[in-house]
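J.:
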Amino acid sequence: MPAKMEQLLELGLYSGTLLLGSGAEIYRVENTIYHLLTACGAEVVDCIATPTGIHLSAHAYGRIGTRVRRIDKRSTNLGRVAAINNLSRSLAGQQNDPGEVLQALCQIERDTEHSLVRWGPLGAAIGGTAFATLFGARGWELPTTALVAFIVFHSAAFLRKAAIPGLLADFAGGFVAALLALSVTLVFPDMPSDRVILGAIMSLVPGVLLTAGARDVLAGDLLSGIVRTIEALFTATAIAAGAGAILGWWIKWLG
Amino acid sequence: MARLIGPATELTLAFIASTAWGVIFRAPKRRVPLAGLTGALGWVGWMLAQALGFEIVGRTALGALAVGISGEIIARICHEPATVFLTPGIVPLVPGVTIYAAMQAFVVGDYPGGLSLATQALLAAGAIAGGLAVATSLVRALFRLLRRDKK
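Here the protein sequences line up with chains A and B, keeping their order.
Each number in the numbering used here corresponds to the 1-based position in the first sequence with 46 added.
Each number in the numbering used here corresponds to the 1-based position in the second sequence with 119 added.
Right under this line is the structure:
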């Protein structure tokens, strides 16, 4: 198979991998692959994307090529989704070389590779506190929520980096949140812990899965829609179970 | 729940929460404030439903509808995928309080209470999905009509 064809297929799989790994909806993944490949001279493009893999078949340069790729790393990077979307938009209507587009994709991957180490925990602290205040947290609960949320985000990120399965990391996040919040009440017995825990675990909440799942179902990608919705349900259950485990023991022994 | 903070404060808090989640979800930097705006506009829907006497599911549905409409319109104005605004925008609507209360009930052995709260949370999550879906279709239809008028 000629090198150009290989590049074309790689282009499709690579863009799809980046999009699926960033939390894009299925129709966006399939459309982007279609548009990118068509902009590089493909005549027929057929693509099936699921949250865990891509099947791609293209007819170009007088040949037909088919590839399958497994996706296992999934996180959330809306900036990457937006950047790839813009790239695909800018290529439309002209003849492009798959190698060059591939390089542009590599550039996007590097440019959008923001680490969450610096801003993620801060965002979790501020956002979690705002959420807790919205639902009734007052006074000293606010700084406590911020601190606990900060630590929870760090610990969940640390566990994910250590290749702990996502659901276990979420369980641990709920666990840490409840443990810290209840420990604070040992020192300040007047402070209710509910909203502190609530605000602290919010950064783990599967908002992307919920939104993407709903949009998948709407677009007719039932398989992916159901998979994502169920994953959101599992995640929420894992977080609640983590917090509940601590809460249960606490009530039994110290309540 | 007694109202302890004014509507303006609530809107600000929703804005802050959605902005923060824009950062956590790594939205494009210059779009992060707009993601916050989407969340605040969504909260308008929530407060409206609250004023009309709706409970959590109704509030979430109306909130998600508001998030969906504003997010889709903002996305079309700045030529970005709608997810960039919708995903951080729905965060203030996520039924965290209800899920937490359900968990608390299960922990103390109140299974009927826990199940009832868990059902509410599930319906609220469904309301988010439904609200977003309806909003997306509405905005799509609206823009199709506008485009037809132009031609």
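The beta-carbon is built from N, C-alpha and C at its ideal position, and this holds for glycine as well.
Predicted, not measured: the structure shown is a model, and the values here were computed from it.
Under the DSSP definition of a beta bridge, which residues are partnered with Asp240 (chain A)?
T.: Here residue 240 (chain A) corresponds to residue number 194 of the first sequence, with the count starting at 1. DSSP lists no bridge partner for Asp240 (chain A).
J.: Tell me whether Leu160 (chain B) is buried or exposed, calling it buried when 16 or more other Cβ atoms sit within 10 Å of its Cβ.
T.: Along the second sequence, read from residue 1 onward, the residue named residue 160 (chain B) stands at position 41. Leu160 (chain B) is buried by the Cβ-count criterion.
J.: Answer yes if the segment 210-226 of chain A comes into contact with the segment 156-172 of chain B, meaning at least three C-beta pairs across the two stretches below 8 angstroms, and no otherwise.
T.: Contact fails: fewer than three Cβ-Cβ distances are below 8 angstroms.
J.: Quick check on the DSSP output: the alpha helix (DSSP H) that includes Leu171 (chain B) runs from which residue to which?
T.: Taking the first residue of the second sequence as position 1, residue 171 (chain B) is located at position 52. Neither: Leu171 (chain B) is in no alpha helix (DSSP H) and is coded neither H nor E.
J.: Please report the distance separating the alpha-carbon of Ala260 (chain A) from that of Gly288 (chain A).
T.: For the purposes of this step, residue 260 (chain A) is taken as residue 214 along the first sequence, with counting starting at 1. For the purposes of this step, residue 288 (chain A) is taken as residue 242 along the first sequence, with counting starting at 1. Distance between the alpha carbons of Ala260 (chain A) and Gly288 (chain A): 26 angstroms.
J.: What are the boundary residues of the beta strand (DSSP E) that His105 (chain A) is part of?
T.: Counting from one through the first sequence, the residue named residue 105 (chain A) turns up at place 59. Taken as a continuous stretch (DSSP letters only), the beta strand (DSSP E) holding His105 (chain A) covers Gly99 to Ala106.
J.: Can you tell me whether Glu89 (chain A) is helix, strand or coil according to DSSP?
T.: Taking the first residue of the first sequence as position 1, residue 89 (chain A) is located at position 43. Strand, per DSSP.
J.: Is any beta-carbon of chain A found at less than 7 angstroms from that of Gly182 (chain B)?
T.: The residue given as residue 182 (chain B) occupies position 63 in the second sequence. Chain A contact via Cβ: absent.
J.: For the alpha helix (DSSP H) that contains Arg164 (chain A), what are its first and last residues?
T.: On the first sequence, position 118 is the one that residue 164 (chain A) refers to. Neither: Arg164 (chain A) is in no alpha helix (DSSP H) and is coded neither H nor E.
J.: Does any CB atom of chain B fall closer than 7 angstroms to the CB of Leu300 (chain A)?
T.: Looking up residue 300 (chain A) in the first sequence gives position 254. So, not an interface residue.
J.: Leaving aside the five residues before and after Leu137 (chain A) along the sequence, list all residues of the same chain whose C-beta is less than 6 angstroms from its C-beta, in chain order.
T.: Here residue 137 (chain A) refers to the residue found at position 91 of the first sequence. Here the set comprises Ala85.
J.: Is DSSP giving Val251 (chain A) helix, strand or coil here?
T.: Position 205 of the first sequence, counted from the first residue, corresponds to residue 251 (chain A). Correct three-state label for Val251 (chain A): coil.
J.: Any Cβ of chain B within less than 7 angstroms of the Cβ of Ile172 (chain A)?
T.: Indexing the first sequence from 1 puts residue 172 (chain A) at position 126. Chain B contact via Cβ: present.
J.: Listed in chain order, which residues of the segment 212-224 of chain B have Cβ atoms closer than 8 angstroms to some Cβ of chain A?
T.: Val213, Gly215, Val216, Ile218, Tyr219, Ala221, Met222 and Gln223
J.: I'd like to confirm the pairing. Which residues does DSSP put opposite Gly111 (chain A) in its beta bridges?
T.: Here residue 111 (chain A) refers to the residue found at position 65 of the first sequence. Looking at the DSSP assignment, Gly111 (chain A) forms a beta bridge with A:Ala104.
J.: By the 10 Å Cβ neighbour count, where 16 or more other Cβ atoms means buried, how is Ile135 (chain B) classified, buried or exposed?
T.: Position 16 of the second sequence, counted from the start, is the residue given in the question as residue 135 (chain B). Classification for Ile135 (chain B): buried.
J.: Which class does Ala95 (chain A) belong to by DSSP, given the choice of helix, strand or coil?
T.: Walking along the first sequence from the start, residue 95 (chain A) turns up at place 49. Strand, per DSSP.
J.: If we count the other Cβ atoms within 10 Å of its Cβ and call it buried at 16 or more, is Gly266 (chain A) buried or exposed?
T.: Here residue 266 (chain A) refers to the residue found at position 220 when the first sequence is read from its first residue. Exposed: under 16 other Cβ atoms inside 10 Å.
J.: For Arg116 (chain A), which beta-bridge partners are listed by DSSP?
T.: Numbered from its first residue, the first sequence carries residue 116 (chain A) at position 70. Answer is A:Gly99, bridged to Arg116 (chain A).
J.: Under a three-way DSSP split, which group does Glu71 (chain A) fall into?
T.: Residue mapping note: residue 71 (chain A) aligns to position 25 of the first sequence, counting from 1. Coil.
J.: Can you find the residues in the same chain that come closer than 6 angstroms, C-beta to C-beta, to Leu205 (chain A), ignoring five residues on each side of it along the sequence?
T.: Along the first sequence, read from residue 1 onward, the residue named residue 205 (chain A) stands at position 159. Ala215 and Ala218.
J.: Closer than 9 angstroms by beta-carbon distance: list the chain A residues that pair up with Thr206 (chain B), in chain order.
T.: Numbered from 1 along the second sequence, position 87 holds the residue referred to as residue 206 (chain B). Chain A residues near Thr206 (chain B): Gly69, Thr122, Leu124, Gly253, Val254, Leu256, Thr257 and Ala258.
J.: When the cut-off is 7 angstroms and only beta carbons count, does Pro200 (chain B) lie next to chain A?
T.: If you number the second sequence from 1, residue 200 (chain B) lands on position 81. True, the Cβ-Cβ gap to chain A drops below 7 angstroms.
J.: Assuming Asn123 (chain A) and Gly69 (chain A) form a contact by the criterion Cβ under 8 angstroms, report the distance between their Cβ atoms to the nearest whole angstrom.
T.: Start at 1 with the first residue of the first sequence, and residue 123 (chain A) comes out as number 77. Start at 1 with the first residue of the first sequence, and residue 69 (chain A) comes out as number 23. Right, the Cβ-Cβ distance comes to about 7 angstroms (below 8 angstroms), so this counts as a contact.
J.: Mind listing, in chain order, the continuous alpha helix (DSSP H) runs of no fewer than 4 residues lying wholly within the segment 248-291 of chain A?
T.: 253-264
J.: Assuming Gln149 (chain A) is part of the alpha helix (DSSP H), what are its boundary residues?
T.: As a first step, residue 149 (chain A) is located in the first sequence; it is residue number 103 there, counting from the start. Going by DSSP, Gln149 (chain A) is part of the alpha helix (DSSP H) stretching over Pro144 to Asp157.
J.: Counting along the chain, where does the alpha helix (DSSP H) carrying Leu140 (chain B) start and finish?
T.: What you label residue 140 (chain B) is simply residue 21 of the second sequence in a count that begins at 1. The sequence shown places Trp at residue 140 (chain B), not Leu. Pro126 to Ile143 is the span of the alpha helix (DSSP H), which, as asked, contains Trp140 (chain B).
J.: Tell me, please, whether the CB atom of Asn77 (chain A) is closer than 7 angstroms to any CB atom in chain B?
T.: Along the first sequence, one-based indexing puts residue 77 (chain A) at 31. False, the Cβ-Cβ gap to chain B never drops below 7 angstroms.
J.: Along the segment 151-165 of chain B, where does the CB come closer than 7 angstroms to a CB of chain A? Name the residues.
T.: none
J.: In terms of residues, what are the limits of the alpha helix (DSSP H) holding Val230 (chain A)?
T.: Counting from one through the first sequence, the residue named residue 230 (chain A) turns up at place 184. Unbroken alpha helix (DSSP H) run through Val230 (chain A): Gly212 to Val233.
J.: Chain B beta carbons: is any one of them nearer than 7 angstroms to that of Ala106 (chain A)?
T.: For the purposes of this step, residue 106 (chain A) is taken as residue 60 along the first sequence, with counting starting at 1. Not closer than 7 angstroms to any Cβ of chain B, the Cβ of Ala106 (chain A) fails to qualify, so no.
J.: Tell me where the alpha helix (DSSP H) around His200 (chain A) begins and ends.
T.: The sequence position of residue 200 (chain A) within the first sequence is 154, counting from 1. Glu187 to Lys207 is the span of the alpha helix (DSSP H), which, as asked, contains His200 (chain A).
J.: From Thr257 (chain A) to Thr206 (chain B), what distance separates their C-alpha atoms?
T.: Working through the first sequence from its first residue, we reach residue 257 (chain A) at position 211. Working through the second sequence from its first residue, we reach residue 206 (chain B) at position 87. About 6 angstroms.
J.: Tell me whether Leu241 (chain B), by its Cβ, gets closer than 6 angstroms to a heavy atom of the ligand MN.
T.: In terms of ligand content, the structure shown is empty, and the ligand MN therefore cannot be addressed.
J.: What is the DSSP secondary structure of Ala121 (chain B), counted as helix, strand or coil?
T.: Locating residue 121 (chain B) in the second sequence gives position 2, where the first residue counts as 1. Note that Ala121 (chain B) scores 44 on pLDDT, short of 50, meaning its location in the model is unreliable and no value can be drawn from it.
J.: In three-state DSSP terms, what is Gln141 (chain A)?
T.: Taking the first residue of the first sequence as 1, we reach residue 141 (chain A) at position 95. Of the three classes helix, strand and coil, the one that applies to Gln141 (chain A) here is coil, per DSSP.
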